[in-house]
């Protein structure tokens, strides 16, 4: 919207800004001593302005009992040791960037439920958006890696 005027001689200017969205999911439950996979999807809400070409940053924070094996996504520049992915291409309203895949190693000592958190910032959106994913972790009885104690 360009603006409107009222009869007081005032002009009201309004504009639309980008509005990032973020979701974090996994399938099934995770199992102690095994691998798990999270999918992080960042989008721009319908009705928002396109992102403005500045860097969009996604950062994941793993809970105790999970350790990152890899993080990647088409068009994303990802750094494993900080669990951060960035990109600067413009994203239209109502669209998503390609998903980020985070593969984790589940400790033999992981709790029965953990919550993984990821944030998305930038692209002209001044708000930090957060997604959480509660994850059930089952014990794996008779897992050789856990029984030999060669798995953290």
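Numbering (my numbering), first residue to last: 8 to 159.
Where a beta carbon is used, it is the ideal one built from N, C-alpha and C, also for glycine.
Local Cβ density within 10 Å of residue i, reported as buried at 16 or more and exposed below that
i           : result
residue 141 : exposed
residue 55  : buried
residue 127 : buried
residue 31  : buried
residue 58  : buried
residue 24  : exposed
Assigned secondary structure, residue i (DSSP; H/G/I helix, E/B strand, else coil)
i           : result
residue 88  : helix
residue 152 : helix
residue 35  : coil
residue 25  : coil
residue 47  : strand
residue 141 : strand
residue 120 : strand
residue 41  : coil
Contact under 9 Å by Cβ, residue i with residue j
i          : j           : result
residue 78 : residue 138 : no
residue 63 : residue 104 : yes
residue 67 : residue 98  : no
residue 41 : residue 121 : no
Beta bridge counterpart(s) of residue i as assigned by DSSP
i           : result
residue 79  : 108
residue 68  : 124
residue 30  : 48
residue 132 : 129
residue 73  : 113
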